[in-house]
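K.L.:
Which chain is which? The protein sequence lines are A and B, in order. First residue of the first sequence: 13, per our numbering; consecutive thereafter. First residue of the second sequence: 13, per our numbering; consecutive thereafter. Just so it is clear, CB atoms sit at the ideal spot from N, CA and C, and this is done for glycine as well. First the structure, then my questions, so here it is.
Number of protein chains: 2
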Amino acid sequence: MKRMDMFGLLKKDMDFIERELYRSISGDDLLNETSLHLLKAGGKRLRPVFVLMGGKFGEYDLEKLMRVAVPLELIHMASLVHDDVIDDADTRRGQLTVKSKWDNKIAMYTGDFIYAKALEIVTQLPNPEIHQILSKAMVEMSIGEMEQIRDFFNTGQSVRRYMLRIRRKTALLIAISCQLGAVAVDANPNFSRQLYRYGYNVGMAFQIQDDLLDLCGTEKQIGKPPGSDIRQGNITLPVIFALQEKEIREPLLHELTRIHELNGQCDVSTAISLIKASSGIRRAEHLATRYINKALDALSELPDYKTKRNLKDIAHFVTRRSY
Amino acid sequence: MKRMDMFGLLKKDMDFIERELYRSISGDDLLNETSLHLLKAGGKRLRPVFVLMGGKFGEYDLEKLMRVAVPLELIHMASLVHDDVIDDADTRRGQLTVKSKWDNKIAMYTGDFIYAKALEIVTQLPNPEIHQILSKAMVEMSIGEMEQIRDFFNTGQSVRRYMLRIRRKTALLIAISCQLGAVAVDANPNFSRQLYRYGYNVGMAFQIQDDLLDLCGTEKQIGKPPGSDIRQGNITLPVIFALQEKEIREPLLHELTRIHELNGQCDVSTAISLIKASSGIRRAEHLATRYINKALDALSELPDYKTKRNLKDIAHFVTRRSY
Numbered sequence: 013m014k015r016m017d018m019f020g021l022l023k024k025d026m027d028f029i030e031r032e033l034y035r036s037i038s039g040d041d042l043l044n045e046t047s048l049h050l051l052k053a054g055g056k057r058l059r060p061v062f063v064l065m066g067g068k069f070g071e072y073d074l075e076k077l078m079r080v081a082v083p084l085e086l087i088h089m090a091s092l093v094h095d096d097v098i099d100d101a102d103t104r105r106g107q108l109t110v111k112s113k114w115d116n117k118i119a120m121y122t123g124d125f126i127y128a129k130a131l132e133i134v135t136q137l138p139n140p141e142i143h144q145i146l147s148k149a150m151v152e153m154s155i156g157e158m159e160q161i162r163d164f165f166n167t168g169q170s171v172r173r174y175m176l177r178i179r180r181k182t183a184l185l186i187a188i189s190c191q192l193g194a195v196a197v198d199a200n201p202n203f204s205r206q207l208y209r210y211g212y213n214v215g216m217a218f219q220i221q222d223d224l225l226d227l228c229g230t231e232k233q234i235g236k237p238p239g240s241d242i243r244q245g246n247i248t249l250p251v252i253f254a255l256q257e258k259e260i261r262e263p264l265l266h267e268l269t270r271i272h273e274l275n276g277q278c279d280v281s282t283a284i285s286l287i288k289a290s291s292g293i294r295r296a297e298h299l300a301t302r303y304i305n306k307a308l309d310a311l312s313e314l315p316d317y318k319t320k321r322n323l324k325d326i327a328h329f330v331t332r333r334s335y
Numbered sequence: 013m014k015r016m017d018m019f020g021l022l023k024k025d026m027d028f029i030e031r032e033l034y035r036s037i038s039g040d041d042l043l044n045e046t047s048l049h050l051l052k053a054g055g056k057r058l059r060p061v062f063v064l065m066g067g068k069f070g071e072y073d074l075e076k077l078m079r080v081a082v083p084l085e086l087i088h089m090a091s092l093v094h095d096d097v098i099d100d101a102d103t104r105r106g107q108l109t110v111k112s113k114w115d116n117k118i119a120m121y122t123g124d125f126i127y128a129k130a131l132e133i134v135t136q137l138p139n140p141e142i143h144q145i146l147s148k149a150m151v152e153m154s155i156g157e158m159e160q161i162r163d164f165f166n167t168g169q170s171v172r173r174y175m176l177r178i179r180r181k182t183a184l185l186i187a188i189s190c191q192l193g194a195v196a197v198d199a200n201p202n203f204s205r206q207l208y209r210y211g212y213n214v215g216m217a218f219q220i221q222d223d224l225l226d227l228c229g230t231e232k233q234i235g236k237p238p239g240s241d242i243r244q245g246n247i248t249l250p251v252i253f254a255l256q257e258k259e260i261r262e263p264l265l266h267e268l269t270r271i272h273e274l275n276g277q278c279d280v281s282t283a284i285s286l287i288k289a290s291s292g293i294r295r296a297e298h299l300a301t302r303y304i305n306k307a308l309d310a311l312s313e314l315p316d317y318k319t320k321r322n323l324k325d326i327a328h329f330v331t332r333r334s335y
């Protein structure tokens with residue numbers, strides 16, 4: 013998957029972060045191999061980009077920022093490997109997953125190893141606030157992951173419940189990426205607060221868009237077969253909205269029950285068509301746009317017009333992206 | 013399993029730690045339930061005991077020590093839940109494991125949650141040295157866990173390889189338990205160094221004894237069926253020694269191959285009898301005693317005769333225990 017550097021942003025510094033990511037994962041041979049496989053599959057490196065940009069609001073120091081940027085990307089990666097175990101996913105970002113190329117047990121320990129490596133790097137920074145913010149976010153993330161398991165095929169869940177889940181699953185880590193970049197370089201506390209707000213709202217929009225792409229994207233665009241969420245029972249926002257519509261509700265529930273009974277080992281195109289026939293897609297897009305507007309609003313209290321411009325561009329990209 | 017307070021050691025303070033352990037694991041409902049299940053299964057609470065005793069070599073402060081003792085026990089618990097996934101274990105400490113009562117995926121996320129909670133508590137301490145020591149140990153532990161998977165049914169492994177593995181798997185966490193108790197209360201750095209040495213050697217002996225108990229203990233004593241290690245292909249020290257003996261080697265290799273082919277779903281009493289007929293048990297006991305002597309040696313540079321006496325008693329207990 014393509015790294016997010018379409019604005020030519022901080023290219024040189026992001027190359028440094030990339031090298032440090034590769035350097036960070038040396039362990040035993042098998043762990044090297046599985047972690048390298050993950051790193052090579054790529055990713056947008058959104059969290060490191062946000063860390064570096066957060067760092068522009070204080071005394072920018074790449075060495076310090078690396079010790080936040082690399083751990084945050086590693087924590088994100090580790091959560092993906094563990095997710096793949098739960099989701100029983102064979103591909104991600106167009107590559108075989110660790111659990112599919114090796115097995116679930118190796119994927120579990122690869123995740124544990126990458127989490128620990130992340131901590132080893134971030135603890136090189138003396139600032140206890142950073143460690144506190146990060147560990148709190150990790151607790152929330154793990155609660156969110158468990159909620160996701162529990163909510164599989166829960167067709168009765170509310171929009172609120174979905175929002176709480178993606179807050180924990182995605183938005184918090186993006187929020188603290190923006191925030192910790194600023195905290196690491198001792199930026200004005202009000203700046204780091206606004207950056208948190210920006211990141212949180214971008215993160216919410218990002219996950220809604222991700223869930224939309226799983227329904228509307230192509231396999232080439234999203235690096236895995238579309239409809240994966242439905243297959244594994246992950247009830248996303250467009251589905252919740254679709255279930256609120258009289259004519260759609262019954263046939264969609266019927267399809268979801270069938271998919272559940274077959275453990276997702278079946279065609280899901282009828283379900284997708286039903287969702288697309290509802291206003292679910294449009295309403296989810298609308299909500300994502302509202303989050304983006306809140307994110308833009310958070311930027312208003314920040315100085316540094318160049319980085320702000322870039323953060324605005326990223327916010328707009330989030331809801332327009334197709335990967 | 014019985015808590016390790018047979019010396020009436022620090023009883024009141026350990027009761028406080030126990031309450032804090034229970035308080036620490038509040039999350040969502042399911043995570044509460046799985047974590048509570050783990051806590052209730054008990055354990056010797058060896059790591060917290062060591063933390064408190066380490067704290068006796070500086071300005072003893074229970075509040076500070078709790079923020080090391082609880083995380084270390086949680087990290088140990090989290091590693092056990094993940095281990096149970098790998099080992100496919102149905103019982104531990106006489107109780108159903110999380111992976112058996114719920115499933116592997118829930119066990120994986122329960123472990124992730126408990127790891128994160130541990131970090132949340134320890135990061136309340138401002139001392140970066142503590143975080144650095146802890147995260148390094150977590151990296152080593154996760155490497156050790158992966159090595160264990162890789163070495164399953166590896167009958168060609170050396171004693172050295174076994175020692176490296178149990179160092180990472182067990183001894184390091186016990187070593188830093190002793191050390192961090194002292195570091196948390198700003199003890200003389202030489203004291204924390206000696207406590208690390210003590211803990212490391214006790215930890216090595218502890219794991220060797222654990223591996224011996226799996227061969228020689230009863231189900232009632234060890235809380236799981238004996239021979240579990242052999243069943244899952246965990247080649248322990250007495251086995252490595254037994255394989256070095258001419259008359260034992262061939263029949264034992266034959267048995268181990270059979271057990272491997274049957275994925276451990278078979279009787280292992282012949283293998284156990286062969287190991288017991290060799291000098292493997294005695295030689296492993298001998299090595300454990302050597303580690304204990306090294307542990308006692310480390311104590312010689314420490315003051316505070318009362319706590320030293322207790323640490324000596326624990327060291328002796330380790331190789332004599334039957335649970």
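Using a C-beta to C-beta distance shorter than 9 Å, which residues of chain B count as neighbours of PRO237(A)?
P.N.:
Chain B residues near PRO237(A): none, gap ~21 Å exceeds 9 Å.
K.L.:
Can the beta-carbon of LEU227(A) be found closer than 7 Å to that of PRO250(A)?
P.N.:
Yes, the Cβ-Cβ distance between LEU227(A) and PRO250(A) is below 7 Å.
K.L.:
For the putative contact between TYR174(A) and ALA187(A), defined by C-beta atoms under 8 Å, what is the C-beta separation to the nearest angstrom?
P.N.:
Incorrect: roughly 18 Å between the Cβ atoms, too far for contact.
K.L.:
Candidates ASN116(B), PRO263(B), SER91(B): which alpha carbon is nearest LYS181(B)'s?
P.N.:
Cα-wise, what sits closest to LYS181(B) is SER91(B).
K.L.:
Residues bridged to LEU108(A) by DSSP?
P.N.:
DSSP lists THR103(A) as partners of LEU108(A).
K.L.:
Would you say GLN144(B) lies against chain A (beta-carbon separation less than 7 Å)?
P.N.:
Cβ-Cβ to chain A under 7 Å: yes for GLN144(B).
K.L.:
Comparing the C-beta of GLU157(B) with each C-beta of chain A, is any distance below 7 Å?
P.N.:
Answer yes: the Cβ-Cβ gap between GLU157(B) and chain A drops below 7 Å somewhere.
K.L.:
If you draw a straight line from the alpha carbon of LEU176(B) to that of ALA199(A), how long is it in whole angstroms?
P.N.:
So the alpha carbons of these two residues sit roughly 44 Å apart.
K.L.:
Would you report the Cα separation of THR103(B) and ASN202(B), rounded to the nearest angstrom?
P.N.:
Looking at the two C-alpha atoms, the distance is approximately 41 Å.
K.L.:
Quick one: residues in its chain with C-beta nearer than 6 Å to the C-beta of ASN213(A), no 5 flanking neighbours on either side, listed in chain order?
P.N.:
Cβ within range, chain order: TYR303, LYS306, ALA307.
K.L.:
Helix, strand or coil: which one does DSSP assign to PRO140(B)?
P.N.:
If DSSP states are grouped into helix, strand and coil, PRO140(B) belongs with the helices.
K.L.:
For LEU148(B), go through chain A and note every residue whose CB falls closer than 7 Å to its CB, in chain order.
P.N.:
Looking at the sequence provided, one finds Lys at residue 148(B) rather than Leu. Under the 7 Å cutoff, chain A gives GLU132.
K.L.:
Taking only the alpha-carbon atoms, compute the straight-line gap between MET158(B) and VAL171(B) and give it to the nearest angstrom.
P.N.:
For MET158(B) and VAL171(B), the distance between alpha carbons rounds to 18 Å.
K.L.:
What are the start and end residues of the alpha helix (DSSP H) that includes CYS228(A)?
P.N.:
Per DSSP, CYS228(A) belongs to the alpha helix (DSSP H) from 201-228.
K.L.:
For chain B, find out if any of its Cβ atoms is closer than 7 Å to the Cβ of TYR303(A); answer yes or no.
P.N.:
For TYR303(A), the answer is no, since every Cβ of chain B falls outside 7 Å of its Cβ.
K.L.:
Do the segment 250-262 of chain A and the segment 287-296 of chain A make contact, defined as three or more Cβ pairs closer than 8 Å?
P.N.:
The answer is yes - the segment 287-296 of chain A touches the segment 250-262 of chain A, with three or more Cβ pairs under 8 Å.
K.L.:
At a Cβ threshold of 7 Å, is THR135(B) touching chain A?
P.N.:
Taking Cβ atoms only, chain A reaches closer than 7 Å to THR135(B), which makes this a yes.
K.L.:
Skipping 5 residues on each side, what residues in its chain have a beta carbon closer than 6 Å to that of SER112(A)?
P.N.:
The residues are ASP102.
K.L.:
Which value, in whole angstroms, describes the spacing of the CA atoms of ASP41(B) and THR135(B)?
P.N.:
Their backbone Cα atoms lie some 24 Å apart in a straight line.
K.L.:
Give the range of the alpha helix (DSSP H) segment to which LEU274(A) is assigned.
P.N.:
Run containing LEU274(A): none; DSSP gives neither H nor E here.
K.L.:
Closer than 6 Å by C-beta to LEU225(B): which residues in its own chain qualify, once you throw out the five before and the five after it? Chain order, please.
P.N.:
ILE234, listed in sequence order.
K.L.:
Please name the residues in the segment 84-101 of chain B whose beta-carbon is closer than 8 Å to at least one beta-carbon of chain A, in chain order.
P.N.:
The residues in question are HIS94, VAL97, ILE98.
K.L.:
By the criterion of Cβ-Cβ separation under 7 Å, what are the contact partners of MET175(B) in chain A?
P.N.:
Within 7 Å Cβ-Cβ: nothing; MET175(B) doesn't reach chain A, min ~15 Å.
K.L.:
Could you check which residue in LEU86(B), LEU268(B), ILE161(B), ILE126(B) has the C-alpha nearest to that of ALA119(A)?
P.N.:
The candidate whose alpha carbon is nearest that of ALA119(A) is ILE161(B).
K.L.:
So which residues of chain E does SER154(B) contact, with C-beta pairs closer than 7 Å?
P.N.:
Of the protein chains in this structure, namely A and B, none is chain E.
K.L.:
Check whether the Cβ of ASP40(B) lies closer than 7 Å to any Cβ atom in chain A.
P.N.:
Judged by the 7 Å Cβ criterion, ASP40(B) is in contact with chain A.
K.L.:
Please confirm whether LEU64(B) and LYS129(B) have their CB atoms less than 7 Å apart.
P.N.:
No.
K.L.:
Relative to the alpha-carbon of ALA8(A), which residue among GLY239(A), SER312(A), THR122(A), ALA217(A) has its alpha-carbon at the smallest distance?
P.N.:
This structure gives no information on residue 8(A), because the portion of chain A shown stretches from 13 to 335.
K.L.:
Is it a yes or a no for the segment 316-323 of chain A touching the segment 276-295 of chain B, going by three-plus beta-carbon pairs under 8 Å?
P.N.:
Cβ pair count under 8 Å is below three, so no.
K.L.:
Could you compute how far the alpha carbon of SER240(A) sits from the alpha carbon of SER38(A)?
P.N.:
Distance between the alpha carbons of SER240(A) and SER38(A): 32 Å.
K.L.:
Just to make sure I have the definition right: I need the residues of chain A whose C-beta is within less than 9 Å of the C-beta of ILE161(B). Which are they?
P.N.:
Simply LEU42, LYS117, ILE118, TYR121.
K.L.:
Taking all protein chains shown into account, decide if GLY168(A) is buried (16 or more other Cβ within 10 angstroms of its Cβ) or exposed.
P.N.:
Exposed, by the Cβ-count rule.
K.L.:
Find the residues of chain B that neighbour PRO201(A), judging by a C-beta separation of less than 9 Å, and give them in chain order.
P.N.:
Correct list: empty, because the minimum Cβ distance to chain B is about 18 Å.
K.L.:
Let me check understanding here. Comparing Cα to Cα, which of ASP100(B), GLY66(B), GLU231(B) lies closest to CYS190(B)?
P.N.:
If we check each option's Cα against that of CYS190(B), GLY66(B) comes out closest.
K.L.:
Does the beta-carbon of THR269(A) have 16 or more other beta-carbons within 10 angstroms, so that it is buried, or is it exposed?
P.N.:
Exposed: under 16 other Cβ atoms inside 10 Å.
K.L.:
Does the beta carbon of ASP325(B) fall short of 6 Å from some heavy atom of the ligand PLP?
P.N.:
This structure lacks the ligand PLP, and indeed carries no ligand of any kind.
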